[in-house]
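K.L.:
My questions all concern the structure below.
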Amino acid sequence: MNKILLTALLAASLSASAAQVLVGKPDDTLSARVSRSEPTLIRIDGHRVRRIFGAEGEFAVTADKEAGTAYLKPTTDKPTLSIFVSDENGRTWKLLLSVTDGPSDSITIKGRSVAGTSLAPGKDVARNQLIKRVLLSLQSDTEAEMEARATNEIVPLWTEALFVLTRVIDGPLKGEKYLLTNMSANAMVIDERELYRRQVIAISIAKPQLAPGETTEVFVISENPGE
């Protein structure tokens, strides 16, 4: 009897450890992991997942409208993904996801309230739409929705990399397009987390693995305190 009970408790413990619970207030950046080969369930504790937004072509989302949850599966070889998850009240959390080759886990987001503050419905939805507009304008050379200025500025990054700022969009959100070239004799794996700095809210890397001499586009979107 004790052996059966112990086995049941162990199974319950393993099941519980597979669920990732992320606690943070809206606009926080939370870290989690997702399976490369299996869908990962994403839910918001006590609320419904209304929208998941990120760089186009990096993942697929299947919504369960009845349950108010969603299943996410990567469609890229990138080691990390950045996504935004919104609930029905317009609250949004940013998730920095590490892509693993293991089995899928579930992700539960638990909001942390901030005393003395309130969120206007739809505010975060509009913000996410602005992020998307900035990203698409940076990516497009011919049909940019927002005005961008060209530049050619070398930005110090790593000794084995050439990092050149080529396009800038100014506004409430600042968009920057870079060209990153692997100057070393070895293959280079680029982790988005190495490029984060204060005020940055989104990063997209076109090709996260570079052969020697190869170049990729890097898009950085950040808050612009001056606007």
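Counting from -19, one number per residue, gives the positions in the sequence shown under our numbering. Quick reminder that beta carbons are idealized off the backbone N, C-alpha and C, glycines included.
Name the two residues that bound the continuous beta strand (DSSP E) containing G155.
P.N.:
The continuous beta strand (DSSP E) containing G155 extends over residues L153 to N162.
K.L.:
Suppose the cutoff is 8 Å on Cβ atoms and the five residues either side in sequence are ignored; what does the same chain contact list for S78 look like?
P.N.:
S11, A12, R13, V14, P59 and T60
K.L.:
Considering only residues of the same chain and omitting the five flanking positions on each side of E140, which have a CB-CB separation below 6 Å?
P.N.:
If we look at E140 and ignore the five residues flanking it on each side, its Cβ neighbours are M163 and S164.
K.L.:
Just verifying my parser: in three-state terms, what is the DSSP assignment at Q119?
P.N.:
helix
K.L.:
Buried or exposed for A35, going by 16 or more other Cβ atoms inside 10 Å?
P.N.:
buried
K.L.:
Quick one: using the 10 Å Cβ neighbour count with 16 as the cut-off for buried, is V200 buried or exposed?
P.N.:
buried
K.L.:
Taking R28 as the reference, which of L118, G70, V144 and W138 has the closest Cα?
P.N.:
G70
K.L.:
Taking only runs that begin and end inside the stretch 29 to 65, name each unbroken beta strand (DSSP E) of 3 or more residues, in chain order.
P.N.:
29 to 34, 39 to 44 and 49 to 54
K.L.:
For K90, does the three-state DSSP call read helix, strand or coil?
P.N.:
strand
K.L.:
Starting from the Cα of P19, find the closest Cα among A47, A43 and L110 and give me that residue.
P.N.:
A43
K.L.:
Count the other CB atoms within 10 Å of the CB of E194; is the residue buried (16 or more) or exposed (fewer)?
P.N.:
exposed
K.L.:
When the Cα of Q0 is compared with those of G155, I24 and I185, which residue comes out closest?
P.N.:
For Q0, the closest of G155, I24 and I185 by C-alpha to C-alpha distance is I24.
K.L.:
Output the distance between the C-alpha atoms of L159 and R178, rounded to the nearest integer angstrom.
P.N.:
21 Å
K.L.:
Excluding the 5 residues preceding and the 5 following T80 in the sequence, name in chain order all residues of the same chain whose CB lies nearer than 8 Å to its CB.
P.N.:
R13, V14, S15 and R16
K.L.:
So for V14, helix, strand or coil by DSSP?
P.N.:
strand
K.L.:
Can you grab the Cα-Cα spacing for the pair S202 / D57, in whole Å?
P.N.:
25 Å
K.L.:
Does K112 come out as helix, strand or coil in the three-state DSSP assignment?
P.N.:
helix
K.L.:
Out of V198, K187, A191 and T196, state which residue places its alpha-carbon closest to the alpha-carbon of T55.
P.N.:
K187
K.L.:
Take V169 as the anchor and find which of A191, V180, Y176 and L153 has the nearest alpha-carbon.
P.N.:
A191
K.L.:
Considering only residues of the same chain and omitting the five flanking positions on each side of S86, which have a CB-CB separation below 8 Å?
P.N.:
Cβ within range, chain order: A(-2), A(-1), Q0, T20, L21, I22 and R23.
K.L.:
Could you say which of A40, R30 and P83 lies nearest to A47 if we only look at CA atoms?
P.N.:
R30
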